[in-house]
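Participant:
2 protein chains.
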Amino acid sequence: MDGFVLKGDICWSESPNEIKAVADGYAACLDGACLGVFQSYPESLALPLVDMSGKLVIPGMVDLHVHAPQYPFRGLGLDLELLEWLGEHTFAEEGKYGDLEYASRAYKIFVDDLAKGPNTRACVFATVHEASTLALMDAFEKSGMVAYVGKVNMDRNCPGNLLEESAEASLEATKRVIEGSSGYSRVKPMLTPRFVPTCSDELLRGLGELSERLGLALQSHLSENKSEIEWVKRLCPWSESYTDAYWKLGCLNSRTVMAHCVWCTDFEMDLISKSGAFVAHCPQSNINLSSGVAPITQYMEAGLNVGLGSDVAGGCHTSMLRAMTDAVQASKLRWRLFDQSVRPLRLEEAFYLATKGGGRFFGKVGSFEPGYEFDAVVLDDSEVKSPFPMNILDRLARAAYFCDSVSAICKWARGKRVAGA
Amino acid sequence: MDGFVLKGDICWSESPNEIKAVADGYAACLDGACLGVFQSYPESLALPLVDMSGKLVIPGMVDLHVHAPQYPFRGLGLDLELLEWLGEHTFAEEGKYGDLEYASRAYKIFVDDLAKGPNTRACVFATVHEASTLALMDAFEKSGMVAYVGKVNMDRNCPGNLLEESAEASLEATKRVIEGSSGYSRVKPMLTPRFVPTCSDELLRGLGELSERLGLALQSHLSENKSEIEWVKRLCPWSESYTDAYWKLGCLNSRTVMAHCVWCTDFEMDLISKSGAFVAHCPQSNINLSSGVAPITQYMEAGLNVGLGSDVAGGCHTSMLRAMTDAVQASKLRWRLFDQSVRPLRLEEAFYLATKGGGRFFGKVGSFEPGYEFDAVVLDDSEVKSPFPMNILDRLARAAYFCDSVSAICKWARGKRVAGA
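Protein chains in written order, with the numbering used here: chain A, 1 to 421; chain B, 1001 to 1421.
Listed below in structure tokens is the structure:
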């Protein structure tokens, strides 16, 4: 038997409407799975105690959308909108990842920093390069975190050094990466067509078939920016909408994560709902690149699968604690300035999205309910000083608003300690 | 002669359009004033060197609007709009400051935390309580930071324990605090009518006269929230607008800071411009309380005096580095979702607002131009890792976006070292 009992001030979401909290509680982990949270030490389990009394304990957080190669230029060049920003900043940096030495060095910084934060899971874009994508997978595997990592596919509308020769060549390279990653237990490959503008119909159709045949997860971008949407209309005149293009090409199902979905119509919302695809809501990126704000409470009420994404480097911050407050703040301005029919997001809903909401893409992940994979983060919030005592839920709210003053002093994914935190 | 030369990677604003930067530069301070920034060590000055090579050096930052007694509940209760939030959270906490022991303890946490950040100057609201307001002044004076601190005036529409007996009693208490603060050199008193809803015409008129007679600075709130604006219309039927109410009562001139100004009409904008009053733009607070976003580039282009404010605890974060990115982000969503006639704020403009823009309220403050008071902050940005070298302006952008990962390792106000940083 391999397990332990983690003592602390524990909180977690089971639904968007409520945060459960147990002060001085005990979360039990056995063989990587959670046995539940107990008010007193579960002696009958005969598991060793990890005593984090006084510290906040939350489920490992889930970043449904992040670009690892963009981490080096986070915080820079944010005066542009999406398509210009891609051209001037993103593609220039991603071009460097053909150099495995550079890629390894840059990815190490990214994964090391991620290990220090509150996230334990991520859906990650690499670049089009095979070797550096495998290097990124390797870094994740060694970190102890759990991730889907995708080699990017692009066979049109990008600079020559990132352009794959043909749809077929792109598919073949993707298959090689999938084979190359077969030895990993914590990292899985993910099909990663960048987005419609850089992927031919043939490539998308091929990836859709591959996803279907091998049961592979797939991630892409959908309806982020108005100019992008217009472009897709011109590129796919046969589709009824951006969403419909992915749908008809076989790239929209319950194994899919679509980032953004800022400007989806009701028709598209229904299609996403029907498909079972996950929406990665990336509020900070959508602000930084002046894209807009997705109507996220509307999506939740319509039953869509929603989680949060950092979208580094459209967003600057990897921490899903930060994404929680970004999501709440963005929703307030959307409500105030744009559409009072969609109510703002509450902080407890944002916490759900950052844990169980995104975790559902990985299975039973993101909660301390019995049977869930044991992902847990211990937060030291003692630097957020107060002249009076705070309850756990208030401390959690402050951990979100002051995420950079709150240290993740240790964390586990699937019951295994993540190094570096 | 009392002075020193500070070596580092120095940057500062002289205008909103450009950030000056000197790598491995030397900023000279003599008797509290800046002699300028030099490319090489100014030997002729014969001043000792403070070597901060490799560190970023920026002017001390200026928070034009912060509520010290609200610091304890920062990050909490932000699901409400202004008027409900005042009733449920703010007034409840401010009531505690009748207890000098509690006030001293809470204010120590606030001032100690502020000393660790990049701000060197602030315009601060205390509460209605005389003794604790003087305690707050004392804490600022000892810290080495420079501040205007105001005892709040309220003679209507607030809970009984915060309600002053009459306009006259409120004015008398204010005069006592002014007298009590006469011994301070770094702290000045500031007249602080909370806002029209809690101040009778008589009280505002009396404070306007006092400001005129003694040349005192005055701070208040203006046009933050739509319900508040409607309320002011009912309370001051004789005024043409919220701004006009302050103007006619003698509370709007070049010694005035008005926080927010989110929903001002063109008429009000002209009045603010004519008066020479400063606008404290508080983007995060205006987001958190779902108030809206002030059209800040329009104000700047119209020649209004503008600086940034944290508005803790409507805003959560005291750092003006954070306020810079909040301001840029808020302006982008305002542009995208609400009004494309007002362009988004650029980061260099936000840096100007956070330094010289707000600093102008204090005189020649917020820049390293010769003759400016020497307020400087040394930032260690080594935790913001990168696989390639960055220029100073990119490092400054990242210091703003990752302000909590960037330590203010030392700082000076008027040439004097601030303890705690």
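No residue lacks a Cβ here, since even glycine has one placed at the ideal position from N, Cα and C.
These numbers were taken from a predicted model, which means no experiment stands behind them.
Report the residue from A:ARG334, A:ALA313 and A:LYS411 whose alpha carbon sits nearest the alpha carbon of GLU81 of chain A.
Facilitator: To locate residue 81 of chain A, count along the first sequence from 1; it is residue 81. Measuring from the Cα of GLU81 of chain A, the nearest candidate turns out to be A:ALA313.
Participant: Anyone know if the C-beta pair for MET145 of chain A and ALA354 of chain A falls short of 9 Å?
Facilitator: Residue numbering aside, residue 145 of chain A sits at position 145 when the first sequence is read from its first letter. Residue numbering aside, residue 354 of chain A sits at position 354 when the first sequence is read from its first letter. No, the Cβ-Cβ distance between MET145 of chain A and ALA354 of chain A is not below 9 Å.
Participant: Figure out for me which residue from B:LEU1337, B:SER1227, B:GLY1366 and B:GLY1358 has the closest Cα to the Cα of VAL1057 of chain B.
Facilitator: For the purposes of this step, residue 1057 of chain B is identified with residue 57 of the second sequence, where counting begins at 1. Minimum Cα distance to VAL1057 of chain B is reached at B:GLY1366.
Participant: Which whole-angstrom value describes the C-beta separation of ASP381 of chain A and ILE409 of chain A, a residue pair presumed to lie in contact below a C-beta threshold of 8 Å?
Facilitator: Residue numbering aside, residue 381 of chain A sits at position 381 when the first sequence is read from its first letter. Residue numbering aside, residue 409 of chain A sits at position 409 when the first sequence is read from its first letter. That belief does not hold up - the Cβ atoms of ASP381 of chain A and ILE409 of chain A are roughly 10 Å apart, past 8 Å.
Participant: By alpha-carbon positions, which one of B:PRO1389, B:VAL1377, B:GLU1383 and B:LEU1210 ends up nearest to VAL1120 of chain B?
Facilitator: The residue you call residue 1120 of chain B lines up with position 120 of the second sequence. The sequence given here places Thr at residue 1120 of chain B; Val does not occur at that position. When only C-alpha atoms are compared, the closest one is B:VAL1377.
Participant: At 8 Å on the CB atoms, spell out the chain B contacts of ARG346 of chain A, in chain order.
Facilitator: As a first step, residue 346 of chain A is located in the first sequence; it is residue number 346 there, counting from the start. Those within 8 Å of ARG346 of chain A in chain B are ASP1079.
Participant: For GLU240 of chain A and TRP231 of chain A, what's the separation of their Cα atoms in angstroms?
Facilitator: Here residue 240 of chain A corresponds to residue number 240 of the first sequence, with the count starting at 1. Here residue 231 of chain A corresponds to residue number 231 of the first sequence, with the count starting at 1. The alpha-carbon atoms of GLU240 of chain A and TRP231 of chain A are separated by roughly 13 Å.
Participant: Quick test of the definition: if touching needs 3 or more C-beta pairs under 8 Å, does the segment 39-46 of chain A touch the segment 95-105 of chain A?
Facilitator: Segments in contact, no.
Participant: Name, going along the chain, the residues of the segment 335-360 of chain A whose beta-carbon falls closer than 9 Å to a beta-carbon of chain B.
Facilitator: From the segment 335-360 of chain A, only TRP335, ARG336, LEU337, PHE338, ASP339, PRO344, ARG346 and LEU347 have a Cβ closer than 9 Å to chain B.
Participant: Any C-beta of chain B within less than 9 Å: which residues of the segment 11-23 of chain A qualify?
Facilitator: Listed by position, the residues of the segment 11-23 of chain A near chain B (Cβ gap below 9 Å) amount to none.
Participant: Is the distance from the Cβ of TYR1107 of chain B to the Cβ of PRO1048 of chain B below 9 Å?
Facilitator: Within the second sequence, residue 1107 of chain B is the residue found at index 107, counting from 1. Within the second sequence, residue 1048 of chain B is the residue found at index 48, counting from 1. Result no, Cβ atoms of TYR1107 of chain B and PRO1048 of chain B do not sit closer than 9 Å.
Participant: Just checking my contact of TRP12 of chain A with PHE368 of chain A at CB under 8 Å: how many whole Å lie between their CB atoms?
Facilitator: Here residue 12 of chain A corresponds to residue number 12 of the first sequence, with the count starting at 1. Here residue 368 of chain A corresponds to residue number 368 of the first sequence, with the count starting at 1. The pair is a contact, with the Cβ atoms about 4 Å apart (cut-off 8 Å).
Participant: Compare the C-beta of TYR1102 of chain B against all C-beta atoms of chain A and say whether one is closer than 9 Å.
Facilitator: One-based indexing of the second sequence puts residue 1102 of chain B at position 102. Yes, because at least one Cβ of chain A sits closer than 9 Å to the Cβ of TYR1102 of chain B.
Participant: Using 9 Å as the limit for Cβ to Cβ distance, is VAL1232 of chain B near chain A?
Facilitator: On the second sequence, residue 1232 of chain B is found 232 positions in, with the first residue counted as 1. No, VAL1232 of chain B does not count as interfacial toward chain A.
Participant: Name the chain B residues that come within less than 8 Å of ASP113 of chain A, Cβ to Cβ?
Facilitator: Taking the first residue of the first sequence as 1, we reach residue 113 of chain A at position 113. Those are LYS1385, listed as they occur along chain B.
Participant: Roughly how many whole angstroms lie between the Cα atoms of PRO1159 of chain B and ASP24 of chain A?
Facilitator: Reading the second sequence from its first residue, position 159 is the one you call residue 1159 of chain B. Reading the first sequence from its first residue, position 24 is the one you call residue 24 of chain A. If I take the Cα positions, the gap works out to 37 Å.
Participant: What does ILE1296 of chain B reach in chain A if we use C-beta pairs closer than 9 Å?
Facilitator: The residue labelled residue 1296 of chain B in the question sits at position 296 within the second sequence. Chain A residues near ILE1296 of chain B: none, gap ~14 Å exceeds 9 Å.
Participant: Does any CB atom of chain B fall closer than 9 Å to the CB of CYS403 of chain A?
Facilitator: In the first sequence, counting from the first residue as 1, residue 403 of chain A sits at position 403. Yes, CYS403 of chain A lies at the interface with chain B (some Cβ there is under 9 Å from its Cβ).
Participant: Mind checking which residues open and close the beta strand (DSSP E) that includes MET61 of chain A?
Facilitator: Residue mapping note: residue 61 of chain A aligns to position 61 of the first sequence, counting from 1. Segment 61-67, the beta strand (DSSP E) holding MET61 of chain A.
Participant: Report the residue from B:PRO1193, B:ARG1334, B:SER1211 and B:ARG1205 whose alpha carbon sits nearest the alpha carbon of LEU289 of chain A.
Facilitator: To locate residue 289 of chain A, count along the first sequence from 1; it is residue 289. Checked all of B:PRO1193, B:ARG1334, B:SER1211 and B:ARG1205; the closest Cα to LEU289 of chain A is B:ARG1334.
Participant: If you draw a straight line from the C-alpha of PRO1283 of chain B to the C-alpha of PRO1344 of chain B, how long is it?
Facilitator: Walking along the second sequence from the start, residue 1283 of chain B turns up at place 283. Walking along the second sequence from the start, residue 1344 of chain B turns up at place 344. Whole-angstrom Cα-Cα distance: 13 Å.
Participant: Once you ignore the five residues that flank MET137 of chain A on each side, which residues in its own chain have a CB closer than 7 Å to its CB?
Facilitator: Position 137 of the first sequence holds residue 137 of chain A. Around MET137 of chain A: VAL149, SER181, TYR184 and VAL187.
Participant: Please look up how many angstroms separate the CB atoms of PHE374 of chain A and ALA33 of chain A, rounded, as I've assumed it's under 8 Å.
Facilitator: On the first sequence, residue 374 of chain A is found 374 positions in, with the first residue counted as 1. On the first sequence, residue 33 of chain A is found 33 positions in, with the first residue counted as 1. That pair is a contact at about 6 Å.
Participant: If you draw a straight line from the C-alpha of PRO370 of chain A to the C-alpha of GLU14 of chain A, how long is it?
Facilitator: To locate residue 370 of chain A, count along the first sequence from 1; it is residue 370. To locate residue 14 of chain A, count along the first sequence from 1; it is residue 14. Rounded to whole angstroms, PRO370 of chain A to GLU14 of chain A spans 11 Å at the Cα level.
Participant: Taking the beta strand (DSSP E) that SER1015 of chain B falls in, what are its first and last residues?
Facilitator: Looking up residue 1015 of chain B in the second sequence gives position 15. 1003-1015 is the span of the beta strand (DSSP E), which, as asked, contains SER1015 of chain B.
Participant: Take GLY1206 of chain B and list the residues in its own chain whose beta-carbon comes closer than 7 Å to its own, dropping the five residues that flank it on each side.
Facilitator: What you label residue 1206 of chain B is simply residue 206 of the second sequence in a count that begins at 1. If we look at GLY1206 of chain B and ignore the five residues flanking it on each side, its Cβ neighbours are ALA1167 and LEU1171.
Participant: Under DSSP, the alpha helix (DSSP H) around PRO283 of chain A begins and ends at which residues?
Facilitator: As a working note, residue 283 of chain A is residue 283 in the first sequence. Here the alpha helix (DSSP H) through PRO283 of chain A covers 283-288.
Participant: With C-beta atoms as the reference, is VAL1196 of chain B less than 9 Å away from CYS1236 of chain B?
Facilitator: Counting from one through the second sequence, the residue named residue 1196 of chain B turns up at place 196. Counting from one through the second sequence, the residue named residue 1236 of chain B turns up at place 236. Against a cut-off of 9 Å, the Cβ pair of CYS1236 of chain B and VAL1196 of chain B comes out as a contact.
Participant: In chain B, what lies closer than 9 Å to CYS316 of chain A by C-beta?
Facilitator: Residue mapping note: residue 316 of chain A aligns to position 316 of the first sequence, counting from 1. In chain order: THR1325, ARG1398, TYR1401 and PHE1402.
Participant: Of all the residues that make up the segment 1136-1166 of chain B, which are near chain A by a beta-carbon distance shorter than 9 Å?
Facilitator: Of all residues in the segment 1136-1166 of chain B, none has a Cβ within less than 9 Å of some Cβ in chain A.
Participant: With burial defined as no fewer than 16 other Cβ atoms inside 10 Å of the residue's Cβ, what is the status of SER1211 of chain B: buried or exposed?
Facilitator: Residue mapping note: residue 1211 of chain B aligns to position 211 of the second sequence, counting from 1. With 16 or more Cβ atoms within 10 Å of its Cβ, SER1211 of chain B is classed as buried.
Participant: Does any CB atom of chain A fall closer than 9 Å to the CB of ASN1288 of chain B?
Facilitator: For the purposes of this step, residue 1288 of chain B is identified with residue 288 of the second sequence, where counting begins at 1. Yes - at least one Cβ of chain A is within 9 Å of the one on ASN1288 of chain B.
Participant: At a Cβ threshold of 9 Å, is LEU1333 of chain B touching chain A?
Facilitator: Translated into positions along the second sequence, residue 1333 of chain B becomes position 333. Taking Cβ atoms only, chain A reaches closer than 9 Å to LEU1333 of chain B, which makes this a yes.
Participant: Quick one: what's got a C-beta closer than 7 Å to LYS20 of chain A's C-beta in the same chain, skipping five residues either side?
Facilitator: By 1-based counting over the first sequence, the position of residue 20 of chain A is 20. Here the set comprises CYS11, TRP12 and GLU14.
Participant: Can you check whether the C-beta of PRO1193 of chain B is within less than 9 Å of a C-beta belonging to chain A?
Facilitator: Stepping through the second sequence from its first residue, residue 1193 of chain B is reached at position 193. No, PRO1193 of chain B does not count as interfacial toward chain A.
Participant: Can you tell me which residues form a DSSP beta bridge with ALA27 of chain A?
Facilitator: Walking along the first sequence from the start, residue 27 of chain A turns up at place 27. BP columns for ALA27 of chain A point to A:LEU6 and A:VAL37.
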